[in-house]
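Residue numbers (the numbering used here), protein chains in the order written: chain D, 3 to 483; chain L, 1213 to 1315; chain F, 415 to 1017. Where is the CB? At the ideal position from N, CA and C, for every residue including glycine. Since the structure is predicted, the reported quantities are computational estimates derived from the model, not experimental observations.
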Amino acid sequence: MNLSLSILEFAVIGAGLAILLADLWTPVPQKRNLGYAAAAAVGLIFLASMLMQAAAPAYAFEKMYVLDGLALFFKRFFLFAAVIVLVMSVEFADRIEAGIAEYYALIMFALAGMMFAASANDFILVFVSLELITVTFYVLTSFQRGRLHSLEAGVKYLILGALASAFLVYGIALVFGVANTTNFGELMGSARVASARPVFLLGLLLVLVGLGFKIAAFPFQIWAPDVYQGSPAPTTAFLAVGSKAAGFILLLRVLFSAVPEITVNWTKLLMVIAGMTILYGNLCAIPQRNLKRLLGYSSIAHAGYMLLGVAAMNSAGSSAILYYLGAYLFTVLAAFTVICVVMRGVEGDDISAVAGLHQRSPLLAASLSLAMVSLAGIPPLAGFFGKFLLLKAVVEKGATQPGCYWLIAVAILGVVISLYYYLGVVRAIYWSKGSAELSDIKVSWPIQVSLYACIAAMFYLGLFPDRLVNIAMEAVKALKL
Amino acid sequence: MTPLHQYLFLSALLFGVGLAGALTRRNAIIVLIGIELMLNAANLNFIAFWRFSRHPELATGLMFVLFSIGIAAAEAAVGLALIIAIYRHYRTANLDQFDSMKG
Amino acid sequence: MTLALIVLLPFLAAAGLAFLPRTDDTAPRTVAAGTTFVVLLLAVRMFWQFDTGQAGYQFVVIIPGLGADALGIQCRLGVDGINAGLLLMGAIVAFAAVGVTRDIVRRQKEFFLLFLVMTGGILGAFASLDLFYFYFFHELALVPTFIMIGVWGRGEERNYATFKITLYLSLGALIALIGLIALYLQMPPDQRTFDIPAMTQYFAEHRMESGAQQAIFPALMFGFGILVSLWPFHTWAPLGYGSAPTATAMLHAGVLKKFGLYGLIRIAVPLMPEGAKQWLEVLALLCLGNILYCGLVAMRQKDLNLLIGNSSVAHMGFVFLGIASLNLVGVTGAVVIMIAHGLLAALSFALSGYLFHTAQTLEIARMGGFLKRLPFIGTALTMAMLAGCGLPGFANFVGEALVFFGAWKTYPAITGLACWGALLIGAVYMLRAVRSILHGPLAEHWNQIQDVPHAWAKLPFAVLIFTLLLFGFFPRLLTEKIRPSAEVVVQLANREGDIRTRGGQGTIAAAAGSISKSQNRRLSVPPHPGPLPGGEGQGENSRSESRASRPRTGAPVSDPAQTPVSKESRRIGDRRSEVHGQGERTIQTSRRVNTAGEAAPRQ
C-alpha cells in the first residue's frame, strides 16, 4: 500500500471539500470568488504535479492503481483543464441561481475522478472512477435548474450514461467470469487463453460500448449534441476536454495494457468506428447554427480523428492521440471561454451572436478564430501538428493494412468538410451582416490571462512540437504496443 | 447447489428485461428502473462468478458488487432528483416530450 | 542569415502589427511597405550573390527551435537554381502588391497583418528544404486568403468564392500531404527524415518500390495539381481571383500557385522516376485541358478579371507540359515560365485592380477608348497582354519557347496543339481585350476616370514590367542559375533505365551527392559566393565531375549563357532555330552525362 502515489488526487478532493466548507462561512456576494480560490488551489496542485517523476511504474491499492508516465501526463492534462474551467465558471457564476460553491466543488470532484481514471490498472478502478466522473457530470450539466435546456441535457445524459454504465458493468462481469481477475496485469497473462472464449470477447465488447459512450464514438454519440448544447458553458468545456480525455486514457489502457493480444484482431472494427465517427460528426455539424451544438458535433468528429490513432495500433498512433489531446485541450478551452463570455444573455447561443465580434473585442475574436483554425487543423497552430501525427500513424499502418487508405480518404474528406463549418464561424466573426449589438465587451483579467495562455499554448505546440512529442512518446511506453 | 449456468441464465434474462424496459418505455422512472435491473444482473453475475471461482478467498467479485451497489444508489439518487426537477417544468416524466433541442 | 531574414521578417512584422492600436490608419501600410521593401532588397542581394553554375543548395540556414527532432523535422532553408528565382519573384510581387492597396480603406491593420503572414508563408514555402515546413508554410497562407477575400473582396459572389478556393486548396494540400507522409515512410525507420536533400540522396541510392511510386506519385501529382488549378480542378481559380482584393490576387495567382509546380519539380519527379514516367503522360494530356479548354473559356469572358484568371489557368498548362517533358530544356523552361508568369499575373491583376478602382467596373463591353484617359495604365496593360501572348522580349517568351522545344521530342502532338493554343487562342483573347478596353470611342461618362496620379503609384507596375523585360532580354540571368539544378532533377528523373545497367546508379548517387556535399560545405559558414578553403576537396570534386562531363558534349552550346539567345537584336526566326538547336543538344547532354558519371568515381 503506497498512499503517497495518489497524493495529487487526495489533494484535489481535500481542496474540493475545503471549498464546500468555506462556502458555509462565506457571505453570499463573495461566494463566486471562491472559484478563484479553487482555481488557485488546483493550479498549485498542477505545479506540484510538475515536480513528480514517474521513471518506473509504481503501484498502489493491490496494483489497482498505477503511476507511470502515461498517468502523470493525463493528470497534468486534467489539472490544467480544471484551472481554466474554474476561471470560466467564475465568469459564468451570475447565470447560476444558487449553489455556485457546490458547482466549483463538483468540478473538483470530477477532476479527481479523471485523475483516478488516468491511473486505473484494474476494472474496479475503471468503473469507480468513470462513475465518479459521470455522476458528477449529471449534476454539472443540469446545474442551471431554471433553464429547461440544462435540465433536459441532464436527463438525457443521465439516461444514456446510466445505460452505458450498465453495459460496462455487465461486460466487466463477463470478463471477470472467464479470466477470474479484474486486474490489467493479470488479465494480460490470461488473455491468450481466455480469448478463445466468446463470452470473454462479448464482455470486452460491452466494455468498449461503455467507453465509446464516454468519448462519443459512433454509434454511441447521440447524447453529445444535446448535452453540449444544454449544459452550462464551463460544464460543456470540461465535458469536451476532461471527460473525453478520460474516456481515451481508459480506452488506451484497456485495449493496449489489459488485452493487447485481442485488440490486434479488432483493427477493422476500430477502423470502421473511427471512419463512421468522423463522417457522422462532420456531416451533422454542417447545418448547425447553435455554436455549442456545433462544437458538440465537432467533438464527435475529433473523437473520430483520435480513434484513428487507436486503430493505427502502433506507438506512433497512441502518442499522436496524446499530442492531439494536448492540442485539443487548449483549443477547446479557448473556444468555450469565448463562448462563455460572449453568450451572456444571448438565448440560443446562435452563431450570429459572434457577428461583429472583431469590433467588440479583438482578443475574443482572435481567440475564437484561432481556436476554430486550430480545430480545423491548419498551421501554425497546435491542431495541425496533431492531425499530422495521426495521419502519419495511419499511413504507416497502411503498409500492412490496405484498408487504412480508405480510412485516410474518409479523414481527408472529414477535414475538408470541417473547414467549411469552422471557417463559417470565422466568417461570422469578421464579415457577417446584421449584428445588432456592437458595444464593447469587457473581459476580466483572469479570463484574459487564461485566453492568452491558451493562445500561447496553441502557437507553442504548433511551432515547437518537439517537447510534447517527446513527452508523449515517452508516456506511451507504458502501453504494450 | 444450483449450477453456475443457471445463475448466468437468470442474470442474462434480467439484463434483457432491463434493456428492453430501458429502450421501449417512455417514462423516465421506468427507464431508470430498467437500468437498475441491468446493473443488478451484472451484480448477480459477479457474485455467481465469485462463488464458483477457483479462488473464492480473493474477494474481487464481492468487492466489485459492493462498489457497484453503492454507485447505483448514487446514480439513482441523482437521477430521481433530476427527474423531479424536470417534472416540475413539463408536468410529465415522458422522455419523448423532452425535445426542446433539435438539430 | 539572408534567407532566414527573408522568411522571418514578414512574420515578425505581422506579430508587431498585432499589438498596434486598431485606429492607426497609416502605420500598418508603412510597416507592410517597409517590410516588403527590405525583403525585396535582401532577395535581390541573395539573387546577386548566388553562385551561378552550382547544383547544390546555397545560403543554407537552420532556424533553431522549430521542428521536432524526434521525427526528423527541422526548419532548414536554402536555395538552389530552381527556387532562387522564385524567391526573388515572390519578393518582387509582394512589394508591388503593397503598392496597389489603394482599395483597402477599412480595417487596414487586419489586412496588412494577414498580408504579411501570407507573404511570409509563401516565401517560406519556396525557401524550405524540409518537407514538413514546405507544406507548413504553404498552409499558412490558407486562412489569410480566406479572410482577405471575405472581408475586402468584391462582388456578390465573394462568399461562395472564398469558401470554394479554401476548400479546394485544402483538399489538394491534404492529398499532397498524404503523399508526402507516405514518401517519408518509405524510408527505413532509423533513417527517416523530412530533409529534402537527404531524402533525394536516399532515394537516389535506394530504389523505391514500383508499387509505392505508382501510388504516391499520383497523390502528389493531383494534390499539387489542384493547388495549381490543373484542369479539371481549376474552377476555383478564376472565381477566387475575380473576387479577391488586388493584392491578394497578385500574391495568390502570382506566387502561391507556383507552390504545387515547385513541389512537382523538387519532390515528385526526382524522387519517383518510375511513377513519373507513368503518370506524366496523364499530366501532359491534362495540360491540354488547361491550355485549350481554359483558353477557350477565357475567350468567352466578359469580365476582365475572369479573363485574366482563366488565362492564368491556361498558362499553367505550359508549365505542366514542361515538367512532363522530363528533359533539361523543358524543365528549365517550366521554371522560367513559373517566374515569368508570376510577374505577369501580378501585373495583370494589379492593372485590372486599378481599372476597377477608377472605373468601378471590369465589364469589357462597357469600357472603351481608355487609352486616351489612361496612357500609363493603357500602355502597361498592352504590354501585359502582349507578354501573355508570348511576345519575344518578355520573359514569358523564353519560357514558353524552351518548354515547346523540350516537349517536342516527347509529345509532338500535344506540343503542336499547345503551340496552337498559345499562339492563336491566347492572342485572340488578349488582343481583343486590349482593343475593346483601350481603343474605340471613349464614352461620355468615362471622363472622370484618372490615370495613375504620381510616380510613386507607378512604381509597382514599373517594377513588374521592368523585371519581365529584364528576364526577357537577359534570360541567362535565370537559365544559367536554373540549369545545373534542373540537370540534377532531370538526371534523377530519367534514371529508371540506368538502374538496370551497372554504372547508372553511381552517376545518380554522384549527382545527389553533389547536392549534399555542397550543402554541407555551406552549412557551417555564412553565405559566401566563392569556394572556401574548408572542405575544398569535396566541393572541388563534385564540381570537377560536372566540368568533366561538359567538354565531351561540346559544352558551349548547351550553356545558355553563351548562346546568342540573349541578344535582343536578333530576329525571331533566328532565335527560334538557335534555341531549338540548343534544346536538341542539351538532351544529348543529359544522356551523355551518365557516361561521364561512370568515369567519375575513378577520378
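Once the 5 residues before and after residue i are set aside, which same chain residues still bring their CB inside 8 Å of it?
i: Cys833 of chain F; result: Phe818
i: Glu950 of chain F; result: Only weak support is given to the placement of Glu950 of chain F: the predicted model assigns it a pLDDT of 36, under 50, and the value that follows is read from those uncertain coordinates. Nothing meets the Cβ criterion.
i: Ile410 of chain D; result: Leu393, Val396, Val397 and Gly400
i: Ser301 of chain D; result: Ala218, Ala226, Tyr230, Ala242, Lys246, Gly283 and Val334
i: Asp352 of chain D; result: Arg291, Asn292 and Leu293
i: Tyr140 of chain D; result: Gly156, Tyr159, Leu160 and Gly163
i: Ala175 of chain D; result: Gly205
Residues bridged to residue i by DSSP?
i: Gln472 of chain F; result: F:Val493
i: Val669 of chain F; result: Val669 of chain F pairs with nothing; no bridge assigned.
i: Asn1306 of chain L; result: L:Asn1239
i: Leu544 of chain F; result: First, the residue type needs correcting, since residue 544 of chain F is Asp and not Leu in the sequence shown. Asp544 of chain F is bridged to F:Asp609.
i: Val68 of chain D; result: D:Tyr61
i: Asn292 of chain D; result: D:Asp352
i: Glu901 of chain F; result: DSSP lists no partner for Glu901 of chain F.
Could you work out which residue in the options is closest to residue i when comparing CA atoms only?
i: Ala166 of chain D; options: D:Leu22, D:Ala73, D:Ala357 and D:Phe222; result: D:Phe222
i: Gly283 of chain D; options: D:Ala314, D:Glu263, D:Tyr307 and D:Val266; result: D:Tyr307
i: Ile536 of chain F; options: F:Ala779, F:Gly495, F:Leu491 and F:Ile751; result: F:Leu491
i: Val211 of chain D; options: D:Ala367, D:Phe250, D:Val243 and D:Gly191; result: D:Phe250
i: Pro364 of chain D; options: F:Asp438, F:Gly495 and F:Glu524; result: F:Glu524
i: Leu113 of chain D; options: D:Leu391, D:Gly244, D:Met278 and D:Asp468; result: D:Gly244
i: Ala378 of chain D; options: F:Leu556, F:Gln628 and F:Val507; result: F:Leu556
i: Asp494 of chain F; options: F:Gly807, F:Val749 and F:Val866; result: F:Val749
i: Met110 of chain D; options: D:Val92, D:Leu483, D:Leu19 and D:Val177; result: D:Leu19
i: Thr492 of chain D; options: D:Leu440, D:Val261, D:Val266 and D:Tyr299; result: Since the displayed chain D opens at 3 and closes at 483, residue 492 of chain D lies outside it and no answer follows.
i: His552 of chain F; options: F:Leu670, F:Ala482 and F:Glu623; result: F:Leu670
i: Gly731 of chain F; options: F:Val683, F:Glu814 and F:Thr660; result: F:Glu814
i: Val696 of chain F; options: F:Ser725, F:Val745 and F:Gln628; result: F:Gln628
i: Arg469 of chain D; options: F:Val452, F:Ala482, F:Ala427 and F:Leu419; result: F:Ala482
If I'm right that residue i touches residue j with Cβ under 8 Å, what's the distance once you round it to whole angstroms?
i: Arg1266 of chain L; j: Asn185 of chain D; result: So it is not a contact: roughly 16 Å between Cβ atoms.
i: Leu480 of chain F; j: Phe466 of chain D; result: 7 Å
i: Leu665 of chain F; j: Thr533 of chain F; result: 7 Å
i: Leu879 of chain F; j: Leu795 of chain F; result: Residue identity check: residue 879 of chain F is Ile in the sequence provided, not Leu. Contact flag wrong, Cβ pair sits at about 11 Å.
i: Trp645 of chain F; j: Asn704 of chain F; result: 5 Å
i: Gly835 of chain F; j: Gly747 of chain F; result: That pair is no contact at about 16 Å.
i: Ala417 of chain D; j: Lys389 of chain D; result: Per the sequence presented here, residue 417 of chain D reads as Val, with Ala not at that position. Rounded, the Cβ-Cβ distance is 7 Å, consistent with contact.
Does the Cβ-Cβ distance between residue i and residue j come in under 8 Å?
i: Lys33 of chain D; j: Ile102 of chain D; result: yes
i: Val1243 of chain L; j: Ile161 of chain D; result: yes
i: Phe75 of chain D; j: Ala357 of chain D; result: no
i: Pro424 of chain F; j: Leu527 of chain F; result: no
i: Ser371 of chain D; j: Ile86 of chain D; result: no
i: Val344 of chain D; j: Ile443 of chain D; result: yes
i: Ile589 of chain F; j: Ala633 of chain F; result: yes
i: Phe631 of chain F; j: Trp693 of chain F; result: yes
i: Leu765 of chain F; j: Asn719 of chain F; result: no
i: Leu758 of chain F; j: Gly792 of chain F; result: no
i: Leu554 of chain F; j: Phe509 of chain F; result: no
i: Ile1246 of chain L; j: Leu1231 of chain L; result: For the sequence presented, residue 1246 of chain L should be read as Gly rather than Ile. Contact flag set, yes.
Which residues in the same chain have their Cβ closer than 7 Å to the Cβ of residue i, if we skip the five residues on either side of it in sequence?
i: Ala441 of chain F; result: Leu434
i: Thr466 of chain F; result: Glu894 and Lys895
i: Val642 of chain F; result: Lys671, Gly674, Leu675 and Met730
i: Tyr106 of chain D; result: Ile21, Leu36, Gly37, Ala40, Leu88 and Ser91
Spatial neighbours of residue i within its chain, please: CB distance less than 6 Å, with the 5 preceding and 5 following residues excluded, ordered by chain position.
i: Ser1004 of chain F; result: Low confidence applies to Ser1004 of chain F: its pLDDT is 40, below 50, so where it sits in the model is not reliable, and the reading given next is rough at best. Excluding sequence neighbours, Ser1004 of chain F sits near Leu742 and Val904.
i: Phe215 of chain D; result: Ala166 and Phe222
i: Thr576 of chain F; result: Phe560, Ile563 and Gly564
i: Ala13 of chain D; result: Ile47
At a cut-off of 7 Å, would you count residue i as near the ligand FAD, judging by its Cβ distance to the nearest heavy atom?
i: Ala773 of chain F; result: In terms of ligand content, the structure shown is empty, and the ligand FAD therefore cannot be addressed.
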